[in-house]
Every structure is written in C-alpha cells, then in structure tokens.
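Here is the structure we will look at, set down as structure tokens.
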Amino acid sequence: MGFNIAEKSIIGNREDQQDGYYSCITENIAFAVVCDGMGGSSGGGAASMIAVNRLKKLYEAKNTNETIPSFFLKAIDILDESIVGLQKESLETRGAGTTIVAAAILQNNLYWLSVGDSRLYILRGNEIVQVTRDHNFALSLEQLTNTERQDFLQSQRMHRADALISFIGIGGVKIYDINDTAFPLQPDDKILLTTDGLTKALTDEEILSILQDKPLQESIETLFYTATKKTTGSQDNTTCVLIQIQK
Amino acid sequence: MATNKVQCPYGHFYNPDKYVDCPICNKSLLSSFNAQTSVTPQRETTASRSQFEETPDPSPAPVRNSGTYRPTSSVFGNQYEDTSTHPVASFKTVSIMNDNQQASPDAPAIVIPESIPNLAQEISQEPIYVASSAPPVFSTLQAAVNAVVSHKDTEDVKTVAMWNAPAGIDPVVGWLVCVKGEYFGQSFNLKAGNNTVGRAMNMDIPLAQEPSVSRNKHCVITYEPLNQVFYIQQGESSGLTYLNGEMVMFPTKMKEQDRIKLGTVELLLIPFCTNGFRWEEYSV
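Below is the structure:
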C-alpha cells in the first residue's frame, strides 16, 4: 500500500489567491487539506492560510491515542476560534472566513472532514461519489417542504443558493461532515479534494471522465485546462489535491 | 436499548423494532440478495463472502440522500445557475443559532464501535471496519460511502435557514429605499464596493417581484470607501436606468435622496457612511 499524489492550485482570473492547501505522504499515511478563503481584500487569503497551517500543526502534534474523527472534531473549534480572532484584527479581515476539506488515510482507511462547500470525492472504476455535503443555503432548502420553501423565499429575499450556512470563522461551527467509521479504500481508488472553483465549472461526470485511466499529474492538468477553457475567463481560484491508492 | 440490537449479514448493528432491514446497508442490495438466495432471517449471519460476490445487483441501487447533495437539483432551478457569481459574498447569509438541537430523532440507530483504534494500532493491525467475520462487499461505491456517512450536525440544517439572520459581516454603508413599486416602504442595505440590482435572487439587491426590472444586473450601485462616494452605473442588461429623470450613461456620482428608476420601480439613496462616519473607527 502506498500513495501517488498530484496537486495544483491556480488563481484563475481573480485578483487574489484565497485558496490554500497542504499535503503530506508517508508510506502508510496520507494527509491533505484544501481551504477556500472568502472575504474581501486580504481577509480570505489570510483565513485559508491560517486554517491550513493550523490544521497541519495540530495534526503533527496529534496525540497517537486520539482517533482521527475526534481529532477533526476538536480541530474545527480551534480553527474556528483562530479565524474569529483574525476577524477582530482589522477591518480588512473583518469578513474573513474559509471552507475546509481534509482527508486522512491510514493504510486503506479514509477519514474526512468538511465545513463549507469544498468537496471530497471518491473515484472508483467508472463511479464518482461526492461524499461531503455542500453546506450552503440550497442544502437547507432541500430539507424544507414546498410550502415552507415558498414562505421562506418570500420572507428572505437576500439569500443566494450558494451562500454558505457553515464555514470556519462562523463563530461556533454546527454543521460539518466527519465520518466516524473509516471508509475502506481499495487499490487504485482516487480521492479528490477540491474547492468550488472546479465544481462550479465542471460536472461530476466530466471530472470522472477526465480523471479515469490517465496518469495522475496529467489528469489533473487536463482537469484545470478543461475547467479554465469552459469558464472562458471567469475562472475562480481553484485548488485540487488528488491522491491515488497504489496497487 | 442495546439489548435489542441485531446484526445484519454485513455486520451492521441495528434495532429490529425500528427497522425491518438494516438501515445502513442499501435496501435494494439487501432485498435483491434475499430474493436470490432465499436466506433465512438476516440476523443469522452465516452468509459467506462468496455468496455476496456472486450476487450481481440487477439494477443500480437507489442511494440515500445523505452526503450526496447536488446543487444542480436545487429547487432554485436555472434561475440561480449564474456562473459569474462567486461565493466571496457568501457571508451575508450566515446565521448563528443558539439552540443546540440534536441530530434528527429518526436517524438510524447505528452502533458505532466505541473505540476506534488509534493511529499506531491502525497501522500495525488489520484495519477494523465493521464487526463482521466477512468484510462487506458493496455493489456500488455509493452504497459503500453511505455505509460510513452519518451527519451529526449539532444544529438542524433546516432550522438554520428558517432563522437565518444577517451576520453583519459586510457593514452597511447606506440604503436604497423603495418609494414606488412592489417593495414600497422597504429598504435594502448597501455595502462597500459594487451592489448589483436586478430581479435574480443572486443580485445583492434582488427585486424578484418586479417584472419590469431586468433579471441580471439592471444597474450597479458602487460605494467607494476612500472618498465615501456613491456611484450608479448601467448594468449589463437591456433595461435602462434613470437617475433623477435622466438616463444613466456613464458612472455617475450620487447624493442623498437621489431618485433611481428601474422599469416602474423607484428607489431613493440614503447614505450612511458619509460626513465622516467610517466603520474603520469601530470594532466588533
């Protein structure tokens, strides 16, 4: 058992790069995190950078007796507090926040963490599954009845479907995705961590068809090329980390 | 309660009083398995791994909704699929609730092993996934993912939306007050930078009930914080924008109580961050 990894991050045609990522691989363990910062001027970039660095340090200092799910759960609160602290530092960082998606693979056991709308996908053969939810306004609407939905839309006109209802920096994260039971990976499975820059440009099917049967680095380059081409000049910050389980 | 738990052929524990089939496994997977192999009650788990593997799933298993939400199936439909929008402005719609609701009461009675092995053990031992002699074999990746997904949000997602309050992260710099049209008597917050006005819900100021307003960016109101000036400019739509009765052709400076006309709607500008008031002088 071992891992192959490919990663890439582009600024797109935005003025700032607000995405951040980190990955680390040893023989038996793979760890990766991707963050999509938000909030004008320097706030978003700072938030994602802090979240990535903080989680990296926490992971390195992790007690070996602690399980990954409970580590992730604790990390959410610590990161959230850090970003709330950042918001108070200046007006520029006042609106700062970040999404986070992280994966830890121990041998073939996959654990994940997500807050916000960055995603984790698992790819196996000709299947692709988005395992994390997008914690946005549309998710909450999914759970309403039609009447409730109508009433709600009438009363709250300022909302947007992609507006986040949970992110790091909200001040008390209550909606998140963590799996308590490990997901058993098989040889040749691929794990994709990505910000919404990719998933707003490409469908799941397109991502699958690009990542199937190609060398890792080549497929990730194709992914970015296709996304950028498709959005024709409105490409958002985009970051992907792709991990493959070796045969 | 724990005494009522039984184990399905895949090794999952569940409450037989609440569920006929194992709620963790994909149901069609189970039923197709049962139909073809006529197994005696599921709780007697004698099926071997090869039995599962030899049972092809005739139809793709319907998947549970959890964890597989796709925005494309949003109730908003195409109206919201504006690829030009960017979630940077997402803050405005965030909410913070105080009540600590537990996860949905009808969530499956899943028994998760109390102690998940630690890092060192996990590396040195065989991975522990479920307490079953035979490892589970799922016909689809989706079913395998569903088996490990459980959402334990400490707040009901639905509640968040229903009580969604502005988090106040984008400080208000002024208001547009509607003096004619469907939104008569209402005000809309303006923030620093560009404020798009249109009928679509992804506009900063959505006038959804105004058919005479263009859907996408009828006009843009800009607040420039350095000099504390408001500007108005024509948006990207075909609908025309009027300022105090004159058509807006170029970005134009605005002053207090200037009258904006979009279709049949009329809005007044009420500045807040002028005459020396600056958010920079205040902190959270």
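Protein sequences appear in the order of chains A and B. Going by this note's numbering, the first sequence opens with residue 1, and the numbers climb by one from there. Going by this note's numbering, the second sequence opens with residue 1, and the numbers climb by one from there. We put the beta carbon where it would ideally sit given N, CA and C, even for glycine.
With a cut-off of 8 Å, does the C-beta of Asp177/A fall near any C-beta of chain B?
-> Mapped onto the first sequence, residue 177/A falls at position 177. So, interface residue.
State the DSSP-derived secondary structure class of Arg133/A, mapped to helix, strand or coil.
-> Position 133 of the first sequence, counted from the start, is the residue given in the question as residue 133/A. Coil.
Quick one: what does DSSP say Ala147/B is sitting in, helix, strand or coil?
-> Here residue 147/B refers to the residue found at position 147 when the second sequence is read from its first residue. Reduced to three states, the DSSP call for Ala147/B is helix.
Can you tell me the Cα-Cα spacing of Arg199/B and Ser212/B, whole angstroms?
-> As a working mapping, residue 199/B is identified with position 199 in the second sequence. As a working mapping, residue 212/B is identified with position 212 in the second sequence. So the two alpha carbons sit approximately 9 Å from each other.
Sequence-distant residues of the same chain with beta carbon closer than 7 Å to Ile128/A, five excluded per side = Here residue 128/A refers to the residue found at position 128 of the first sequence. Correct list, in chain order: Tyr121, Asp204, Ile207 and Leu208.
Bounding residues of the alpha helix (DSSP H) (the contiguous stretch that carries Lys230/A) = Translated into positions along the first sequence, residue 230/A becomes position 230. Annotation for Lys230/A: the continuous alpha helix (DSSP H) segment containing it runs Leu216 to Thr231.
Cβ neighbour criterion (16 or more within 10 Å) applied to Asn146/B | Counted from its first residue, the second sequence places residue 146/B at position 146. So Asn146/B counts as buried.
Would Leu113/A count as contacting chain B if we go by Cβ distances under 8 Å?
-> Within the first sequence, residue 113/A is the residue found at index 113, counting from 1. Closer than 8 Å: no.
Give the range of the beta strand (DSSP E) segment to which Ser23/A is assigned.
-> By one-based count along the first sequence, residue 23/A stands at place 23. Here the beta strand (DSSP E) through Ser23/A covers Asp19 to Ile25.
Indicate whether the contact test is met: 3 or more Cβ pairs, each with one atom in the segment 242-250 of chain B and one in the segment 223-231 of chain B, closer than 8 Å.
-> Between the segment 242-250 of chain B and the segment 223-231 of chain B there are fewer than three inter-stretch CB-CB distances shorter than 8 Å, so the stretches are not counted as touching.
Got a sec: is the Cβ-Cβ distance from Ser214/B to anything in chain A below 8 Å?
-> Stepping through the second sequence from its first residue, residue 214/B is reached at position 214. Nearest CB-CB separation between Ser214/B and chain A: not below the 8 Å threshold.
Hey, Ala30/A and Phe3/A: beta-carbon distance below 8 Å or not?
-> Within the first sequence, residue 30/A is the residue found at index 30, counting from 1. Within the first sequence, residue 3/A is the residue found at index 3, counting from 1. Ala30/A is a Cβ neighbour of Phe3/A, given a cutoff of 8 Å.
Does the beta carbon of Leu29/B come closer than 8 Å to any beta carbon on chain A?
-> If you number the second sequence from 1, residue 29/B lands on position 29. No answer about Leu29/B holds up, because its pLDDT of 37 lies below 50 and its placement is not dependable.
Cα-Cα separation, Lys8/A to Tyr183/B | Position 8 of the first sequence, counted from the start, is the residue given in the question as residue 8/A. Position 183 of the second sequence, counted from the start, is the residue given in the question as residue 183/B. For the pair Lys8/A and Tyr183/B, the Cα-to-Cα distance works out to about 47 Å.
Please report how far the alpha carbon of Ile100/A lies from the alpha carbon of Val115/A, in whole angstroms.
-> The residue given as residue 100/A occupies position 100 in the first sequence. The residue given as residue 115/A occupies position 115 in the first sequence. Separation of Ile100/A and Val115/A (C-alpha to C-alpha, rounded to the nearest whole angstrom) is 5 Å.
Fully enclosed by the segment 99-125 of chain A, which beta strand (DSSP E) runs are 3 residues long or longer?
-> Note on the segment 99-125 of chain A: whole beta strand (DSSP E) runs with a minimum of 3 residues are 109-115 and 119-124, in chain order.
Contact between the segment 82-97 of chain A and the segment 166-185 of chain A (3+ Cβ pairs under 8 Å) = Contact between the segment 82-97 of chain A and the segment 166-185 of chain A is present, because at least three Cβ pairs lie under 8 Å.
What in chain A is Cβ-close to Trp175/B, meaning under 7 Å?
-> What you label residue 175/B is simply residue 175 of the second sequence in a count that begins at 1. In chain order: nothing, as chain A lies at least about 13 Å away.
Alpha carbon to alpha carbon, what distance is there between Gly43/A and Lys88/A?
-> Counting from 1 along the first sequence, the entry for residue 88/A is found at position 88. Counting from 1 along the first sequence, the entry for residue 43/A is found at position 43. Straight-line Cα distance between these residues: approximately 11 Å.
Closer than 8 Å, CB to CB, is Phe183/A near chain B or not?
-> Taking the first residue of the first sequence as position 1, residue 183/A is located at position 183. Interface residue, yes.
Taking Cβ-Cβ distances shorter than 9 Å, what residues in chain B pair up with Gly85/A?
-> The count along the first sequence starts at 1 and reaches residue 85/A at position 85. Think of a sphere of 9 Å around the beta carbon of Gly85/A: no beta carbon from chain B falls inside it, the nearest being about 11 Å out.
Counterpart residues of Met38/A in DSSP-defined beta bridges | On the first sequence, position 38 is the one that residue 38/A refers to. When DSSP reads this structure, Met38/A sits in a beta bridge with Gly97/A.
For Gln244/A, the first and last residue of its enclosing alpha helix (DSSP H) = Counting from one through the first sequence, the residue named residue 244/A turns up at place 244. For Gln244/A, no alpha helix (DSSP H) encloses it; the enclosing beta strand (DSSP E) starts and ends at Thr238 to Ile245.
Taking only beta-carbon positions, decide if Lys56/A is within less than 8 Å of chain B.
-> In the first sequence, counting from the first residue as 1, residue 56/A sits at position 56. Not one chain B Cβ lies under 8 Å of Lys56/A.
Supposed contact pair Ala163/A and Phe183/A - C-beta distance, whole angstroms, cut 8 Å | The sequence position of residue 183/A within the first sequence is 183, counting from 1. The sequence position of residue 163/A within the first sequence is 163, counting from 1. Phe183/A to Ala163/A, Cβ: 29 Å. No contact.
Indicate whether at least one CB of chain B lies closer than 8 Å to the CB of Leu91/A.
-> Along the first sequence, read from residue 1 onward, the residue named residue 91/A stands at position 91. Taking CB atoms only, Leu91/A has a neighbour in chain B less than 8 Å away.
Residue of Ile205/B, Arg278/B and Val173/B minimising C-alpha distance to Ile270/B = For the purposes of this step, residue 270/B is taken as the residue at position 270 of the second sequence. Comparing Cα-Cα distances from Ile270/B to each of Ile205/B, Arg278/B and Val173/B, the minimum goes to Val173/B.
Whole runs of the beta strand (DSSP E) within the segment 233-284 of chain B, excluding any shorter than 3 residues = DSSP runs (the beta strand (DSSP E)) wholly in the segment 233-284 of chain B: 241-243, 252-254, 259-262 and 265-271.
Could you say which of Ser140/A, His135/A and Val131/A lies nearest to Val148/B if we only look at CA atoms?
-> In the second sequence, residue 148/B corresponds to position 148, counting from 1. The candidate whose alpha carbon is nearest that of Val148/B is Val131/A.
Residue from His151/B, Lys5/B and Arg278/B with nearest C-alpha to Glu224/B | Position 224 of the second sequence holds residue 224/B. Measuring from the Cα of Glu224/B, the nearest candidate turns out to be Arg278/B.
Bridge partners - Lys8/A, DSSP secondary structure assignment | Here the question's residue 8/A lines up with position 8 in the first sequence. Answer by DSSP bridge pairing, in chain order: Cys240/A.
Tell me Thr196/B's beta-bridge partners as DSSP assigns them.
-> For the purposes of this step, residue 196/B is taken as the residue at position 196 of the second sequence. Its beta-bridge partners are Val220/B.
Kindly indicate if chain A contains any beta-carbon less than 8 Å away from that of Gln234/B.
-> In the second sequence, the residue the question calls residue 234/B occupies position 234. For Gln234/B, no CB of chain A lies under 8 Å from its own CB, so it is not counted at the interface with that chain.
Chain A partners of Asn141/B, CB-CB under 7 Å?
-> To locate residue 141/B, count along the second sequence from 1; it is residue 141. Checking the displayed sequence, the identity of residue 141/B turns out to be Leu instead of Asn. Simply Ile122, Arg124, Glu127 and Val129.
Give the range of the alpha helix (DSSP H) segment to which Lys56/A is assigned.
-> Counting from 1 along the first sequence, the entry for residue 56/A is found at position 56. Unbroken alpha helix (DSSP H) run through Lys56/A: Gly43 to Glu60.
Got a sec? Which residues, its chain only, sit under 6 Å from Asp36/A by beta carbon, not counting five neighbours each side?
-> Here residue 36/A is taken as the residue at index 36 of the first sequence, counted from 1. For Asp36/A, same chain residues with a beta-carbon under 6 Å away, outside a window of 5 residues either side, are Asp19, Thr99, Ser118 and Thr195 in chain order.
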